[in-house]
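The sequence shown begins at 4 in the working numbering and counts up by one.
Think of the CB as a built atom: it goes at the ideal place given N, C-alpha and C, for glycine as much as any other residue.
All values derive from a computational prediction rather than experimental measurement.
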Amino acid sequence: MANSEVGTKTGTVKAETSIYRQNSISGSSYQLDLPIVESSSSLVEDLHKSRKILDGYKESRKDSESAKARAEVELSKAMELVKELTLLIERLNRSKEFHKKDMEASKIDLKLEENS
């Protein structure tokens, strides 16, 4: 039990007290491995800087989301325009074919009239 460290259970308060005394006499006291903390004002400054950076990222994210929404609306309008233009081209092509067939029919009618 004499080799156990502070913080581990040995069973009795008397045993813990004995171990603590031995460690304090021998100079090998238990030390916590805590990080070294800078002064509180420096820590507060770092927190404020981090908050400003985070707020900047949040603002940038909002701007990006807004730009994305505008781009999606524009894309939707462009896709609708493409559909309309495609339909118009198809109608024009059908109309062209109809006029071509109509002209051929007119030529045939004209030939028939000439032959009669």
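Secondary structure at S43, three-state DSSP: helix, strand or coil?
-> helix
ask   = For T20, which three-state DSSP category applies?
value = helix
V16 to S53 span [Cα, whole Å]
46 Å
Notebook entry, point to check: According to the neighbour-count rule (16 or more other Cβ atoms, all chains shown, within 10 Å of its Cβ), is I111 buried or exposed?
Noted result: exposed
Cα-Cα separation, S119 to K80:
58 Å
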